[in-house]
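Here the structure is laid out as structure tokens; the discussion comes afterwards.
Protein chains: 2
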Amino acid sequence: MPRRCWRGGHGWRGLGCGQRLTAPRQAIYQALSGAQGHLSADEIFLRVRGRMPGIGLATVYRNLELLRTGGHIRSVDAGDGKARYELHQAAGGPGHHHHLICRQCGQVIDYMDFEKDELALVKKLETQLSGKYKYQIAEHDITFYGTCPNCAKRD
Amino acid sequence: MPRRCWRGGHGWRGLGCGQRLTAPRQAIYQALSGAQGHLSADEIFLRVRGRMPGIGLATVYRNLELLRTGGHIRSVDAGDGKARYELHQAAGGPGHHHHLICRQCGQVIDYMDFEKDELALVKKLETQLSGKYKYQIAEHDITFYGTCPNCAKRD
DNA sequence: TTCCTTAATGTTAACAATTCTCATTATCAT
DNA sequence: ATGATAATGAGAATTGTTAACATTAAGGAA
Ligand SMILES: [Mn+2]
Ligand SMILES: [Mn+2]
Ligand SMILES: [Zn+2]
Ligand SMILES: [Zn+2]
């Protein structure tokens, strides 16, 4: 008979029952926690490999997916063909924010300049859309695209 | 000496100087124009190949990129690993709208329920961000993610 | 502690979307 | 019509990501 697990042995919030707290997993989490977000899988791989030479790239991908579905991190598309990751607020990341992305160099800026207005509109839209299209809305994303001052210079 | 081109020979808005109006290019544009948006490169490829059996997939990719940088189309990430494309408003597409995407099946819904409120907020944000970060902001994207009624049923 | 189940790992091959190479074709300014 | 060269089609190559599989090790039970 399959033994049920009533309390997770380790204390990591979001790591479900049966999921183990391994060294690579912690290292990948710390890599994201250390640098401020928007790292790609291979950037994380290189950083972790500094302290843990034997780690495999597949392990990085596997754990990023696990952390993502576990709600610890979210992925960001900077338009350079590779997924980028950042810590969620609840996992020690920055607060709720949105992105300003340079179409030429891919720079990603976190901004939080909206306060109440934005939140109010988002709430209203969520209610309206949820009712009209019968969607259960889980999250939203607001992104502005443009040219950063650096790229504007050599244009 | 390189001859300069003062007026494009053909009349296609957005096709720059030196760019030629070829049959594949027109067919790809029409494929997007015919079906209502959110087609992937290989979906476009298959449709165009119906009327133009010799076309190559690389040609589709090349022209999608050209149409995109020319401002005729924009790409949408539905989360299924392949880029999807839709006509811009000015190119005969639907009006300015945003997206509601199902995380499970990838369905993309165009919505336009926002009217003035949203536009006002976006304008305000654009001004504020542009000033604060010295970005030239070209476009924005607002997307809500969730579960469509179909996927919610078999959950 | 020791044992056992099985989640997780590292290596490697496989994959799918996209881009590149290059010889050939076709557009269009002259 | 002609010539310069943008664009094409065929296929190989590249890239980000996932799958297979034999091996290791986390952590609950005894
Ligand atoms: Mn961010
Ligand atoms: Mn759309
Ligand atoms: Zn830039
Ligand atoms: Zn769905």
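Respectively, the protein sequence lines represent chains A and B. Going by the working numbering, the final residue of the first sequence carries number 175, and the count climbs one at a time with no gaps. Going by the working numbering, the final residue of the second sequence carries number 175, and the count climbs one at a time with no gaps. Quick reminder that beta carbons are idealized off the backbone N, C-alpha and C, glycines included.
Got a sec? Which residues, its chain only, sit under 6 Å from Ala-78(A) by beta carbon, not counting five neighbours each side? Taken in chain order, the list of residues that qualify is empty.
Does DSSP put Leu-120(A) in a helix, a strand or coil? Strand, per DSSP.
Which residues in chain B sit within 8 Å of Lys-102(A), going by Cβ to Cβ distance? Here the premise fails: no neighbours, minimum Cβ distance about 12 Å.
Between the CA atoms of Arg-45(B) and Leu-145(B) - distance to the nearest angstrom: Separation of Leu-145(B) and Arg-45(B) (C-alpha to C-alpha, rounded to the nearest whole angstrom) is 37 Å.
Taking the C-alpha atoms as reference points, what is the distance between Ala-110(A) and Arg-94(B)? Roughly 33 Å between the two C-alpha positions.
Which residues neighbour ligand 6 when neighbourhood means a C-beta less than 7 Å away from any of its non-hydrogen atoms? List them by chain order. With respect to small molecules bound, the structure shown includes ligand 1, ligand 2, ligand 3 and ligand 4 and not ligand 6.
Inspect the beta-carbon positions of Ala-61(B) and Leu-41(B) and report whether they are closer than 9 Å. In this structure, Leu-41(B) does not lie closer than 9 Å to Ala-61(B) by Cβ.
Range covered by the alpha helix (DSSP H) that runs through Gly-151(B): First-last of the alpha helix (DSSP H) with Gly-151(B): 135-153.
Would you check if there are 3 or more beta carbon pairs closer than 8 Å linking the stretch 113-132 of chain B to the stretch 106-125 of chain A? Segments in contact, no.
From His-30(B) to Thr-167(B), what does the alpha carbon distance come to, in whole angstroms? Approximately 45 Å, taken between the alpha carbons.
Gly-91(B) versus Ile-157(B) - alpha carbon distance: When rounded, the distance between both Cα atoms is 15 Å.
Compute the distance between the beta-carbons of Ala-162(A) and Glu-138(A), then report whether it is under 9 Å. Reading off the sequence, residue 162(A) comes out as Ile, not Ala. For Ile-162(A) and Glu-138(A), yes; Cβs fall inside 9 Å.
Between the C-alpha atoms of Cys-125(A) and Lys-173(B), what's the straight-line distance to the nearest angstrom? One Cα belongs to Cys-125(A), the other to Lys-173(B), and the distance between them is close to 42 Å.
Whether Arg-88(B) touches His-58(B) by CB criterion (9 Å): Against a cut-off of 9 Å, the Cβ pair of His-58(B) and Arg-88(B) comes out as no contact.
Can you pull the chain A residues whose beta carbon is under 8 Å from the beta carbon of Thr-79(B), in chain order? Near Thr-79(B) there are no residues of chain A at all, since even the closest Cβ is about 20 Å away, more than 8 Å.
Listing by chain order, which chain B residues have their CB less than 7 Å from the CB of Ile-93(A)? Listed by position along chain B, the residues whose Cβ is nearer than 7 Å to that of Ile-93(A) form an empty set, because the closest Cβ is around 15 Å away.
Interfacial residues, the stretch 157-174 of chain B to chain A, with Cβ spacing under 8 Å: Cβ contacts with chain A come from Ile-157, Ala-158, Glu-159, His-160, Asp-161, Ile-162, Thr-163, Phe-164, Tyr-165, Gly-166, Thr-167, Cys-168, Pro-169, Ala-172.
Is Asn-83(A) near ligand 4, judged by its Cβ being under 8 Å from some heavy atom? For Asn-83(A), the CB stays at least 8 Å from every heavy atom of ligand 4.
Rounded to a whole number of angstroms, what is the C-alpha to C-alpha distance between Gln-39(B) and Gln-148(A)? A direct Cα-Cα distance of roughly 44 Å separates Gln-39(B) from Gln-148(A).
Checking contacts by CB at 9 Å: is Asp-133(A) closer than that to chain B? Residue-level contact by beta carbon holds for Asp-133(A) and chain B, with a gap shorter than 9 Å.
Residue burial classification, Arg-33(A) (beta-carbon count within 10 angstroms, cutoff 16): Counting Cβ neighbours within 10 Å, Arg-33(A) comes out exposed, since fewer than 16 surround it.
Terminal residues of the beta strand (DSSP E) in which Gln-156(A) lies: Boundaries of the beta strand (DSSP E) harbouring Gln-156(A): 156-167, taken from the DSSP string.
Exposed or buried, which one is Arg-67(B) when buried takes at least 16 other CB atoms within 10 Å? Per the 10 Å Cβ criterion, buried.
For Ala-47(A), count the other beta carbons within 10 Å of its own beta carbon; 16 or more makes it buried, fewer makes it exposed. Which is it? Residue environment for Ala-47(A): buried (at least 16 other C-beta atoms within 10 angstroms of its C-beta).
For Tyr-105(B) and chain A, any beta-carbon pair shorter than 9 Å? Judged by the 9 Å Cβ criterion, Tyr-105(B) is not in contact with chain A.
DSSP three-state label for Arg-40(B), please. Three-state result, Arg-40(B): coil.
Buried or exposed (CB count within 10 angstroms, at least 16 for buried), Ala-51(A): When all chains shown are included, Ala-51(A) counts as buried.
Going by beta-carbon coordinates alone, are Tyr-155(A) and Phe-164(B) separated by less than 9 Å? Contact flag set, yes.
Judging by CA-CA distance, which residue of His-118(B), Ser-53(B), Ser-150(B), Val-80(B) is the nearest neighbour of Leu-107(B)? Ranking His-118(B), Ser-53(B), Ser-150(B), Val-80(B) by Cα distance to Leu-107(B) puts Ser-53(B) first.
In chain order, what residues of the same chain have a beta carbon less than 6 Å from the beta carbon of Arg-69(A), not counting five sequence neighbours either side? Answer for Arg-69(A): Ile-75, listed in chain order.
For Arg-71(A), tell me which candidate among Ala-43(A), Gln-127(A), Lys-143(A) has the shortest Cα-Cα distance. Here the closest residue by C-alpha is Ala-43(A).
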